[in-house]
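Colleague: The structure follows.
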């Protein structure tokens, strides 16, 4: 995957607050570690479209239930997804603004147009 660096606008950083970066580095690291697993990345990409139950996620992604449950558990513990119960079904949704922003950026870079 080659992304033309010239096609990416520079990030608008008015001033670099090193103290703020240090304070939030751990949170950023946890988010990136969660996204580093291919199954969790796929789950978050699918959930970026909206709330889904386990059966829908399994069907859409082809990730079998034991692995799916394990990875959804990790995402729940990290606070990246939230759940709601409807009868016997549990529905998952993204519960993190930063996670959704990163997923949208990754989609733009790797899945749209010539990028992917």
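Numbering (the working numbering), first residue to last: 93 to 208.
Glycine included, each C-beta is placed from N, C-alpha and C at the ideal position.
1) List the whole-angstrom C-beta distance separating residue 186 from residue 173, where the pair is believed to meet the contact cut-off of C-beta under 8 Å.
2) Comparing alpha-carbon positions, which option in 171, 168 and 133 lies nearest residue 153?
3) How long is the line joining the alpha carbons of residue 144 and residue 118, rounded to whole angstroms?
4) Considering residue 121, what are the terminal residues of the beta strand (DSSP E) in which it resides?
5) Is residue 195 closer than 9 Å to residue 124 when the C-beta atoms are compared?
Modeller: According to the structure shown:
1) 6 Å
2) 133
3) 29 Å
4) First-last for residue 121: 110-127, but that is the alpha helix (DSSP H), not the beta strand (DSSP E).
5) no
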